[in-house]
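In full-length UniProt numbering, the protein residues as written are 1 to 203.
Set out below in structure tokens:
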């Protein structure tokens, strides 16, 4: 026969200092590919998280893809694979440094405009956004001529997505209005797009 609890029976003690559940681990592939399918949710989930590993991985991957799509690398590979690989490693290192500097500039400008976001999450997520949105163009550029219509169209489309996602990131990380978030990413995004996606001499 079931026994109903007595009203006078003591309730289990509830501590006012109950520990909050730790944040769920954000996996790289969820972060990188989630930006294309659910950017608002992914950026909200990644808020206040530094993703140095993902940023470094994307820089190296995209640097390698960009080098493979370069005619000078292909010619150098025919002459000497060792020297071509050394040039690729050097290009990857320079690209990683330049990408981090773009993230640092974004953090500094956002702070100057009144933002309050943290250094690590802003810098690393900016790098992830820039290169994650550039992956389709780089994949096409590695297989097709750099002046082909498909590569050019991919460059324009991915640039627009990268710009929008970067502004969305700064707005959420630094609690800035949209126009200030756009201003915080404009200079470095436009410069990087002009130099990397639309170089003067082509790919």
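Cβ coordinates follow ideal geometry from the N, Cα and C atoms, glycine included.
None of these values were measured; they are calculated from a predicted model.
Rounded to whole angstroms, the gap between the alpha carbons of residue 78 and residue 84 is 9 Å. Ranked by Cα distance from residue 136, the options 27, 58, 43 are led by 58. In this structure, DSSP gives residue 69 a state outside helix and strand, which the three-state scheme calls coil.
Sequence-distant Cβ neighbours of residue 130 in its own chain, meaning closer than 8 Å and more than five residues away, are 99, 102, 162, 166, 189, 192. Beyond the five residues adjoining it in sequence on each side, residue 138 comes within less than 8 Å, by CB distance, of 62, 65, 66, 69 in the same chain, given in chain order.
A residue is called buried once 16 or more other Cβ atoms fall within 10 Å of its Cβ, and residue 33, having fewer, is exposed.
Straight-line spacing of the CA atoms in residue 141 and residue 121 works out to 30 Å. Following the DSSP letters along the chain, one finds residue 137 inside the alpha helix (DSSP H) bounded by residues 135-143. Comparing alpha carbon positions, the residue from 48, 155, 181, 144 closest to residue 106 is 181. Separation of residue 158 and residue 95 (C-alpha to C-alpha, rounded to the nearest whole angstrom) is 18 Å. Spatial neighbours of residue 176 in its own chain (CB-CB distance under 8 Å, excluding positions within 5 residues in sequence) are listed in chain order as 110, 113, 114, 115, 170, 184. When secondary structure is reduced to three states using DSSP, residue 176 falls in the coil class, being assigned neither helix nor strand.
Residue environment for residue 155: buried (at least 16 other C-beta atoms within 10 angstroms of its C-beta).
Within its own chain, the residues whose Cβ lies closer than 6 Å to the Cβ of residue 52, once the five positions on either side in sequence are excluded, are 124, listed in chain order. Cβ-Cβ distances below 8 Å link residue 30 to 42 in the same chain, with the five nearest sequence neighbours on each side left out; the list follows chain order. Per the C-alpha coordinates, the member of 134, 195, 187, 89 positioned closest to residue 104 is 187.
Setting aside the 5 residues that flank it on each side, residue 127 is surrounded in the same chain by 55, 58, 59, 99, 100, 102, 103, each with a C-beta closer than 8 Å to its C-beta; the list follows chain order. When DSSP states are grouped into helix, strand and coil, residue 80 belongs to the coil group.
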